[in-house]
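There are 4 protein chains.
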Amino acid sequence: RDVGRVLVTCPDRPGIVAAISGLLFRHGANITELQQYSTDPFGGTFFLRIEFHREDLAGELPAIEEGLARLAAGAATRWRVATPAVRQRVAIFVSKADHALQELLWRTHSGELEMDVRMVVSNHPDLGDAVAGWGIPYHHIPVTTETRDEAERRALALLAGQVDLVVLARYMQVLTPRFLAAFPDRIINIHHSFLPAFVGADPYSAAARRGVKLIGATAHYVTAELDAGPIIEQDIERVDHRHQVADLRRIGRHVERAVLARAVGWHTQDRVIVHSNTTIVFA
Amino acid sequence: RDVGRVLVTCPDRPGIVAAISGLLFRHGANITELQQYSTDPFGGTFFLRIEFHREDLAGELPAIEEGLARLAAGAATRWRVATPAVRQRVAIFVSKADHALQELLWRTHSGELEMDVRMVVSNHPDLGDAVAGWGIPYHHIPVTTETRDEAERRALALLAGQVDLVVLARYMQVLTPRFLAAFPDRIINIHHSFLPAFVGADPYSAAARRGVKLIGATAHYVTAELDAGPIIEQDIERVDHRHQVADLRRIGRHVERAVLARAVGWHTQDRVIVHSNTTIVFA
Amino acid sequence: RDVGRVLVTCPDRPGIVAAISGLLFRHGANITELQQYSTDPFGGTFFLRIEFHREDLAGELPAIEEGLARLAAGAATRWRVATPAVRQRVAIFVSKADHALQELLWRTHSGELEMDVRMVVSNHPDLGDAVAGWGIPYHHIPVTTETRDEAERRALALLAGQVDLVVLARYMQVLTPRFLAAFPDRIINIHHSFLPAFVGADPYSAAARRGVKLIGATAHYVTAELDAGPIIEQDIERVDHRHQVADLRRIGRHVERAVLARAVGWHTQDRVIVHSNTTIVFA
Amino acid sequence: RDVGRVLVTCPDRPGIVAAISGLLFRHGANITELQQYSTDPFGGTFFLRIEFHREDLAGELPAIEEGLARLAAGAATRWRVATPAVRQRVAIFVSKADHALQELLWRTHSGELEMDVRMVVSNHPDLGDAVAGWGIPYHHIPVTTETRDEAERRALALLAGQVDLVVLARYMQVLTPRFLAAFPDRIINIHHSFLPAFVGADPYSAAARRGVKLIGATAHYVTAELDAGPIIEQDIERVDHRHQVADLRRIGRHVERAVLARAVGWHTQDRVIVHSNTTIVFA
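Protein chains in written order, with my numbering: chain A, 59 to 341; chain B, 59 to 341; chain C, 59 to 341; chain D, 59 to 341.
If you want it as structure tokens, here you go:
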């Protein structure tokens, strides 16, 4: 399809929209979606996402990119052009729980998620059969305290050059800074609580002890600090005193898979921009 | 404040955003918010809302409007520039229920709704004291089958030249085409059901009979056909078998007032554009 | 497990809870869950659901049932005792869409739905492979205007004595009164709208035309009148002007599968009682 | 009205419902609502709430209470009978924000909250006029670091014997253990975050910094540890990157007032039972 997406982050100043929309117009492009946000119109940071259609885009793309590079020169501008015709390549990491994985695979299969799932990686063999049914490679890489380093090296070798995005779909291992550095702002995790409440392990038990009346899930980019990276999406489900930890786990699965799927969808549609430790989501 | 809003509806074609953002840039304006929508990028209808800041806007406004008029010439373009510094003047019509009225008055008082409530009109005297407490004129215009015509004439005389928007905050009388013609796309009603379910009188009884598990409310522009005008906003509340008609009425009040307040807020911020019998809401 | 459930519907009068809880106590049962509802404490209809635990339930069940029969004698009382250890047997009917089916199968597999899916019946062959993966028989019974009668006869023959509940998980054929008579209050359909809005075919197109801001789904028992049976569960998802019919379909799938799964779960836990054309749901 | 409510907390064992419903039946009462919960049917804690109707309740109440006392003897049972005809007397504490206060007063006025607001106490004079309009005494008790002790003494003197429940409707002062001891499990606070996230002052700024996608509010009983008491009710509202701290405050007000009003409603209907640091809410 002849669709392109321009993503821009720069210091806010008058004329940005005029300059970029003018450039696209001169190159024959028709803007089909445009979203912008400024943290502060007077001296803040400006974010722009434009989706456009241009007949024979491949031929014109270099000229458009050259024009954007010229506009960006001098200012502290970050920009890129994405072409959805080239699908993002994704690796999904899981442990034993299958709900988030199945949801991602089903939504990809149904065409709702436009991405190319290259592999599933797991520290357990349990989900191998389920993944085989979808015709996707399954790599079982066991992880123990002693083998963590070697295991991560194996995983990185599998991913190198093959994958644009890593999705942790209830992967119960902590990644090292080396791994994170290989995929900056490109590792999405689903945490089974409404962050920043209940950081860390076993949030449903903590939620039951605290007696909350809602449980949540949070999809976020992974950073070095545990469960503290930029939040992409959150949602909750109502619970009450009758729900014990096992019930919270059961109910929580539905929120987890929905929240993760939405976050992955926005990311693969180039709708998420990281800014400090937060996200701009042009949903 | 030196803030302006450009609203445009026109046939979609390449270059619209470039042309208008270029115009604003040449006139020294800084775009602070921009939303667009096209029913179909190839031959559909295009909608644009831009909010901008321009030092000394009053002085530059005529030139900006002249530029827009020139851009619009020839094409089937509808456009206008609104200046939020001039608040919309509003008349609220009520009968006996006070919840929607109180919500609008409280939100106006707290600054959340930026509008100028000029008067409250009612076919009953009941809410006069409550309105007096807010320092707003209350006009009691009784309506009977015989006096309907005369009553409406009195109401129109009160409104003439005084009011930009009429809000029916649970006003239980049907307005005639003559009244509607005086305020095209500028009469907002709150209907106490999730339209198009339960059109007409006493929707909560109908909902109880049908055994629905959610009740809703719908804010819409009033047109000649009962409860069939363009929908601005809807929301629902969960109910169950224990809720009888009186409970639905009680629960429904909270949805009604929230839905109406959101719709009125969007309208007075020039975020709603009517298209055929639907609305574009740049919320 | 030694768990039983008593379901009672009778004219309301003082002493019902005392009589039945006393009976259970005398038979050594411990009540673990109790819910009751009366349409009107003075002359209305009374509904009761008790879940209890009793060591060696199988041995005591006849005595408990005899006691209940004695209590019920004379009054217009309907009662039954269900034992969850015996799972309900279910047939799922589908056409081409897989989302509701996959959700039911996945929730059954994960143990969240405690039921025994005996077969999937479809008027199309498309979903045969997906169902085979779960190890469940798939019966392809084509339906045309001419063969409708014969097709239904074949389906009924498959179901006879094999199935307690029929779930229409986006089955796009209308069932005849003969079929309905075979499973009174035991056929659950998912309709892809917030009933009673948009009865009949293609509700998402109707929703788009009407410009609603929420789309919904409704699980209900099937009766002779189209989409008019007792509602078990409903839910909605927020949409806006950008969503065209295809988007509504895509978004709607998630509401449909969640609503249907909840309804089926409550039914198989004996939590739903039909009363006139509404349901009591002891969720 | 001849309505009573029995509240019971005791060690779970077979026969409790039978014993109490039998007692009520023998005293001529008709049970109109019954809810029960057990933390564990085998050795856990059992909670029961029964609402019943009995002609000439006042005359029979002593006998019913005597019967309950006899049933409770020996076991570690806490019970009480409440009569809604005697409305709970409430003091509302506020500082400068009026939204939660206005909501409580409006819902009381409209009959939705069945309670008797005896006084409003504030450390600021600002809301005096608004409260005067409802005909309720307003006590301005300034609080500074030096006068805190004396101020609290004055407040306690006002409340002594006059009030059953204290509602902190955005009262921005911390209460001392002495004050808390005077109203155990009878002080309800609204905290403007989804606890346990963002404990303490200015949660909306903390929420903006963390970049959450939902903001919440929590109604809880006040205990010695800040924002750590038993949670009665919580709810959230969706936000996004465009919402800055002031927007979160504005949006949050609507969640705060709704959550607080629901919690106060359940408390005054005797639907909330505190258990360890959590609540059983028979809503």
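Virtual Cβ for every residue (Gly too), placed ideally from N, Cα, C. Bear in mind the structure is a predicted one, so any value in this text is a computation, not a measurement.
Taking the straight line between their C-alpha atoms, what separation do you get for residue i and residue j?
i	j	result
Asp222 of chain C	Arg136 of chain C	19 Å
His111 of chain C	Tyr95 of chain D	14 Å
Glu161 of chain D	Leu233 of chain A	48 Å
Arg268 of chain D	Phe252 of chain A	12 Å
Val313 of chain D	Ala77 of chain C	44 Å
Ala134 of chain B	Lys154 of chain A	59 Å
Phe104 of chain A	Pro69 of chain A	6 Å
Val270 of chain B	Arg296 of chain B	9 Å
Gly73 of chain D	Gly80 of chain D	10 Å
Ile309 of chain C	Gly169 of chain A	12 Å
Leu159 of chain D	Val152 of chain D	7 Å
Val303 of chain C	Gly191 of chain C	31 Å
Ala240 of chain B	Leu217 of chain B	10 Å
Leu306 of chain A	Arg329 of chain D	23 Å
Ile108 of chain D	Gly193 of chain D	35 Å
Gln292 of chain A	His301 of chain B	31 Å
Asn335 of chain B	Val175 of chain B	27 Å
Arg228 of chain A	Tyr262 of chain A	14 Å
His250 of chain B	Ala275 of chain B	5 Å
Asp260 of chain D	Met230 of chain D	11 Å
Asp207 of chain C	Ala215 of chain C	12 Å
Thr337 of chain D	Glu91 of chain A	48 Å
Who are the near neighbours of residue i in its chain, counting only those whose CB is closer than 8 Å to its CB and skipping five residues on each side?
i	result
Met173 of chain C	Arg145, Gln146, Arg147, Val148, Thr166, Leu223, Val322 and Thr326
Ile246 of chain D	Leu223, Val224, Val225, Leu226, Ala277, His278, Tyr279, Val280, Ile290, Leu318, Ala321, Val322 and His325
Leu171 of chain A	Leu162, Arg165, Ala319, Val322, Gly323 and Thr326
His85 of chain C	Arg112, Glu118, Ala121, Ile122 and Gly125
Leu238 of chain A	Ile245, Val280, Thr281 and Ala282
His299 of chain C	Gly269
Please name the residue, chosen from the options, that lies closest to residue i on a Cα-to-Cα basis.
i	options	result
Ile248 of chain B	B:Leu65, B:Leu126 and B:Pro288	B:Pro288
Val61 of chain D	D:Glu118, D:Leu185, D:Ala143 and D:Thr337	D:Ala143
Leu106 of chain D	D:Ala265, D:Gly258, D:Arg307 and D:Arg71	D:Arg71
Pro183 of chain D	D:Ile273, D:Pro200 and D:Trp192	D:Pro200
Ile89 of chain B	A:Thr97, A:Thr203, A:Ile89 and A:Ala158	A:Thr97
Ala209 of chain A	A:His198, A:Thr337 and A:Ala240	A:His198
Ala265 of chain C	C:Gln93, C:Arg244 and C:Ile294	C:Ile294
Ala140 of chain C	C:Arg329, C:Arg63 and C:Ala275	C:Arg63
Leu272 of chain C	B:Pro254, B:Ala259, B:Arg236 and B:Asp260	B:Pro254
Quick one: what's got a C-beta closer than 6 Å to residue i's C-beta in the same chain, skipping five residues either side?
i	result
Ala87 of chain B	Phe110 and Arg112
Tyr196 of chain B	Val178, Gly186 and Val189
His333 of chain B	none
Thr281 of chain A	Gly287
Gly102 of chain D	Asp70 and Ser96
Arg212 of chain B	Ile199
Arg138 of chain B	Leu65
Phe340 of chain B	Gln93, Arg107 and Arg329
Arg315 of chain C	His157, Ala158 and Glu161
Can you tell me where the alpha helix (DSSP H) with residue i in it begins and where it stops?
i	result
Ser79 of chain D	Ile74 to Arg84
Ser263 of chain C	Pro261 to Arg268
Arg212 of chain C	Arg206 to Leu217
Note the first and the last residue of the continuous beta strand (DSSP E) segment covering residue i.
i	result
Leu238 of chain D	Element bounds for Leu238 of chain D: not the beta strand (DSSP E) but the alpha helix (DSSP H), Pro235 to Ala240.
Glu291 of chain A	Ile289 to Arg296
Trp137 of chain A	Arg136 to Ala140
Gln302 of chain C	Looking at the DSSP string, Gln302 of chain C is not in any beta strand (DSSP E), and its letter there is neither H nor E.
Leaving out five residues on either side along the sequence, give the residues of the same chain with a beta carbon under 7 Å from the beta carbon of residue i.
i	result
Asp342 of chain D	Beyond the ends of chain D as shown, which are 59 and 341, falls residue 342 of chain D; an answer cannot be given.
Pro99 of chain B	Asp70
* Answer yes if the stretch 273–293 of chain C comes into contact with the stretch 118–132 of chain C, meaning at least three C-beta pairs across the two stretches below 8 Å, and no otherwise. => No, the stretch 118–132 of chain C does not touch the stretch 273–293 of chain C.
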